[in-house]
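See structure below.
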Amino acid sequence: MGKKGILLVNLGTPDSPEVSDVRRYLDEFLMDERVIDINAFQRTLLVKGIIVPFRSPKTSKLYKEIWDENGSPLLYFSKIQAAMVQEKLGDEYQVELAMRYQNPSIASGLDRLKAGLVESIQVIPLFPQYASASTGSVIQKVMELVGKWQTVPPISFINSFHDNELMIDTFAENAQKYQPESYDQILFSFHGLPERQLKKCDHTGQHCLKKDDCCSTLTDVNKFCYSAQCHDTARLIAKKLNIPAEKYSVCFQSRLGKEPWVQPYTSDVLKALAEKGKKRLLVFCPAFVADCLETLYEVSVEYHEEFRALGGEEVQLVASLNDDPKFIDALVAMVKN
């Protein structure tokens with residue numbers, strides 16, 4: 110029998126921090142109909158006419174701040190994750206890495222599995238919480254590509270792993286080295302999404318954003334809601350660390366544009382905590398399995414400086430899952446189970 114194929118897919122990264130490569134990356138990323146979910150004509154005008162031309166030089170400068178001798182941190186750790194999963198799984202499996210945007214592409218990863226004559230393909234989007242703009246986009250792209258093959262092998266997807274016990278354990282253990290009990294407040298800062306995308310996931314039309322705490326508990330109605338899964342991840346990590354509810358906050362970062370995104374915004378929470386006299390904050394970013402621009406710069410630099418300007422003292426980032434062996438065990442267990 111042939112090997113079993115595994116495709117690990119993360120979001121993506123520019124090939125370099127130079128403006129031209131950042132422009133290509135942003136163009137592919139933001140032209141995705143699931144990322145900016147408006148009609149194609151408006152999306153093209155917005156992305157190609159406004160966002161990419163003006164944002165690329167600024168974003169290039171930010172990538173240069175985190176780029177090191179290993180290149181892109183996200184790609185560097187993703188490659189290590191794929192290699193460690195391959196080593197753990199052994200010769201019965203063929204593990205490939207892909208990025209939803211730019212390189213290595215999903216098409217190239219699938220082609221390598223096809224050339225390896227695998228008997229099946231399991232796709233693991235490396236996003237703990239399901240969102241149409243991330244996991245949904247990966248699934249759609251894979252189905253579009255494989256759907257053109259003459260022979261379509263058995264194929265399966267991991268929809269989310271927001272409550273994976275080994276992942277929760279890894280985040281909790283990463284936090285222990287910072288002595289979380291010594292901080293004034295713990296923040297769980299997740300990547301943001303437009304509110305309209307949350308509403309689209311509410312097939313009843315009667316739940317999403319109808320009350321302030323609609324995301325606080327997972328139910329049959331909101332079980333695929335990104336925000337609800339984020340709250341559940343935060344609750345589980347806090348429970349593992351014995352952090353009481355009043356000492357942690359869930360918030361959302363990386364807002365783009367002026368329309369309402371998932372709230373509360375991380376910047377607003379920083380301001381509110383500073384006004385209450387909080388000085389030291391410990392921040393988790395559990396929407397990411399590898400450190401990247403949003404963690405290494407947005408949290409560690411921008412939010413740290415923003416909080417200090419408000420009268421606070423410290424914003425300390427908890428390292429992401431990166432190459433932690435326990436997280437690799439989590440991915441291996443997903444494959445085998």
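Under this note's numbering, the first residue of the sequence shown is numbered 110, with each subsequent residue one higher. Ideal Cβ placement from N, Cα and C applies to all residues, glycine included.
CB-CB length for I175 against L402, believed under 8 Å = As a first step, residue 175 is located in the sequence shown; it is residue number 66 there, counting from the start. As a first step, residue 402 is located in the sequence shown; it is residue number 293 there, counting from the start. Correct: roughly 6 Å between the Cβ atoms.
Starting from the C-beta of I111, find all residues in its chain whose C-beta is less than 6 Å away, skip the five residues before and the five after it, and write them out in chain order.
-> The residue you call residue 111 lines up with position 2 of the sequence shown. Contrary to the premise, residue 111 reads as Gly rather than Ile in this sequence. Answer for G111: L226, V227, E228, listed in chain order.
Same chain, Cβ closer than 6 Å to G245, five either side skipped, listed in chain order = Taking the sequence shown and counting its residues from 1, the one referred to as residue 245 is at position 136. Excluding sequence neighbours, G245 sits near R143.
Check the DSSP bridge columns for Y210 and list the partner residues they point to.
-> Within the sequence shown, numbered from 1, the residue matching residue 210 stands at position 101. Beta-bridge pairing links Y210 to G121.
So Y134 is in the alpha helix (DSSP H); what residue range does that whole segment cover?
-> To locate residue 134, count along the sequence shown from 1; it is residue 25. Here the alpha helix (DSSP H) through Y134 covers 128-139.
Contact check, I248 vs L116, beta carbons under 9 Å = In the sequence shown, the residue the question calls residue 248 occupies position 139. In the sequence shown, the residue the question calls residue 116 occupies position 7. No, Cβ-Cβ distance for I248 and L116 is not below 9 Å.
Counting pairs of Cβ atoms below 8 Å between the region 208-220 and the region 114-134, do you hit three or more?
-> yes
Per-residue burial, Q190 [other beta carbons within 10 Å of its own, 16 or more giving buried] = Locating residue 190 in the sequence shown gives position 81, where the first residue counts as 1. Buried is the call here.
Identify every residue that forms a DSSP beta bridge with W370.
-> Mapped onto the sequence shown, residue 370 falls at position 261. DSSP lists P303 as partners of W370.
Kindly indicate the opening and closing residues of the alpha helix (DSSP H) around V194.
-> Within the sequence shown, numbered from 1, the residue matching residue 194 stands at position 85. V194 -> alpha helix (DSSP H) spans 182-198.
Can the beta-carbon of L391 be found closer than 9 Å to that of A284?
-> As a position in the sequence shown, residue 391 is number 282, starting the count at 1. As a position in the sequence shown, residue 284 is number 175, starting the count at 1. In contact: L391 and A284 (Cβ atoms closer than 9 Å).
Who are L440's beta bridge partners in DSSP?
-> Stepping through the sequence shown from its first residue, residue 440 is reached at position 331. In the DSSP output, where bridge partners are listed per residue, L440 has none listed.
Whose C-alpha, out of G199, R221, E201, is nearest the C-alpha of A207?
-> Taking the first residue of the sequence shown as 1, we reach residue 207 at position 98. Taking only the C-alpha atoms, the option nearest A207 is R221.
Alpha helix (DSSP H) containing F266: first to last residue?
-> Translated into the one-based positions of the sequence shown, residue 266 becomes position 157. From DSSP, F266 is part of no alpha helix (DSSP H) but of the beta strand (DSSP E) over 264-266.
Coarse secondary structure for E423, derived from DSSP in three states | As a working mapping, residue 423 is identified with position 314 in the sequence shown. E423: strand per DSSP, three-state reduction.
Within the same chain, show all residues whose beta-carbon is closer than 7 Å to that of S269, passing over the 5 residues directly before and after it, in chain order.
-> Indexing the sequence shown from 1 puts residue 269 at position 160. Excluding sequence neighbours, S269 sits near P237, Q238, Y239, T244, Q338.
Of the residues F397, Q362, K380, which one's Cα is nearest the Cα of R389?
-> The residue given as residue 389 occupies position 280 in the sequence shown. Out of F397, Q362, K380, K380 has the C-alpha closest to the C-alpha of R389.
In angstroms, rounded to a whole number, what distance separates the CA positions of L254 and Q211?
-> Taking the sequence shown and counting its residues from 1, the one referred to as residue 254 is at position 145. Taking the sequence shown and counting its residues from 1, the one referred to as residue 211 is at position 102. Taking the straight line joining both Cα atoms gives about 15 Å.
Can you tell me the Cα-Cα spacing of V194 and F266, whole angstroms?
-> Sequence index remark: in the sequence shown, residue 194 carries index 85 (1-based). Sequence index remark: in the sequence shown, residue 266 carries index 157 (1-based). Looking at the two C-alpha atoms, the distance is approximately 17 Å.
Beta-carbon separation (whole angstroms), V444 vs L183, contact threshold 8 Å | Along the sequence shown, read from residue 1 onward, the residue named residue 444 stands at position 335. Along the sequence shown, read from residue 1 onward, the residue named residue 183 stands at position 74. Incorrect: roughly 21 Å between the Cβ atoms, too far for contact.
Along the chain, which unbroken stretches of the alpha helix (DSSP H) at least 4 residues long are found entirely within the region 333-365?
-> 335-349
Are A343 and P289 closer than 9 Å when you measure CB to CB?
-> The count along the sequence shown starts at 1 and reaches residue 343 at position 234. The count along the sequence shown starts at 1 and reaches residue 289 at position 180. No, Cβ-Cβ distance for A343 and P289 is not below 9 Å.
Separation of V359 from I277, as counted between CA atoms | On the sequence shown, residue 277 is found 168 positions in, with the first residue counted as 1. On the sequence shown, residue 359 is found 250 positions in, with the first residue counted as 1. Answer to the nearest angstrom: the Cα atoms are 16 Å apart.
With which residues is V378 paired in a DSSP beta bridge?
-> Counting from 1 along the sequence shown, the entry for residue 378 is found at position 269. Note: V378 sits in no beta bridge, so no partner.
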